[in-house]
Each structure stands twice: as C-alpha cells, then as structure tokens.
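**Student:** Numbering (my numbering), first residue to last: 36 to 193.
Quick reminder that beta carbons are idealized off the backbone N, C-alpha and C, glycines included.
Dumping the structure here so I can ask a few things about it.
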C-alpha cells in the first residue's frame, strides 16, 4: 500500500508576523507549508516545487494576489488558490473567483475558518489526484484487456 503524500501548501504574505502565524497553523494540520514573503518569491517556489494549494494575500507590493493567481493558473491550472485580504469587497471577491480562485477570505479571520477553507481545497486536490490515478488504471486495464489481461473476463460489443 502506498504511503499518502503530504499535501503541500504555499503561504504568501508580505506581513512577516501573519506569515509566521499561518505557517504554525498549517504545520499543526500536518501540511507541508512553504513560506513566501511576496509574489515574486512565490513564483520562484512554484517553478521549483509542486504545490497543491496556494494561500496568498491580495494586497502585496510588486505582484498582487490576483496577478499571482493568474500566474499560478497559467503554470499549474489544477493548483487551488485561496486569496485573503483585509480590504475585501464583493467586487474583488468576484474578480478573484472569475480568475479561478478557489475561495476568498477576509482578514481578520478565525483560525477555524482558514483551516476549514484550506482543508477543503486540499481535499479537492486529493480527490483530483485519486481520479487521475483511477483513470490511468482504467486506461491500462482497457489496453491490457485487449491482450487478454487477467481480471478481464471477456470482450463484448454490448
């Protein structure tokens, strides 16, 4: 039986104390939490490390959260992105969702709230990975079935 892979979360915030607090929360959740203090650093991490979920602040110098979201979706479309901000408006939330954000959280948030949002995003990633693996197994079985694979009883046009 395969050992489950620990999900990887990239946490992006230009506020060092907020970043440290978030990292502690996610380490307690048994997630591999990688820090980035801004959008450019986050992009460097994304180019080197496969990431399941990105949690990013919206308002950052150089690369905003929405710009980072666009880059993430261009690099790895299946990666889920959660935006967080102290300056939340309905318009910003709608824009983020249109760009492909998984969720939008306003600061200050309760620990349970951010845990719930990230847990759901990670669960979605887990389900997608399982689905891809099962589809690959099915494709292999179908291909092997043509050659008389064990476990395949017969071949019927019906």
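I need the DSSP call for residue 41, collapsed to helix, strand or coil.
**Tutor:** Correct three-state label for residue 41: coil.
**Student:** Work out the CA separation of residue 150 and residue 99 for me, nearest whole Å.
**Tutor:** Taking the straight line from one Cα to the other gives about 23 Å.
**Student:** Compute the Euclidean distance between the alpha carbons of residue 126 and residue 106, then round it to the nearest angstrom.
**Tutor:** Going from the Cα of residue 126 to the Cα of residue 106 covers about 20 Å.
**Student:** Note down the Cα distance separating residue 152 from residue 109, rounded to an integer number of angstroms.
**Tutor:** C-alpha separation (whole angstroms): 22 Å.
**Student:** Grouping DSSP H, G and I as helix and E and B as strand, with all else coil, what is residue 139?
**Tutor:** Residue 139 falls in the strand class under three-state DSSP.
**Student:** Check each candidate in 85, 65, 104 and name the one with the smallest Cα separation from residue 75.
**Tutor:** Among 85, 65, 104, the Cα nearest to that of residue 75 is on 104.
**Student:** Just to confirm, are residue 84 and residue 156 a CB contact at a threshold of 8 Å?
**Tutor:** No, the Cβ-Cβ distance between residue 84 and residue 156 is not below 8 Å.
**Student:** May I ask you to report which of helix, strand or coil DSSP gives residue 115?
**Tutor:** If DSSP states are grouped into helix, strand and coil, residue 115 belongs with the strands.
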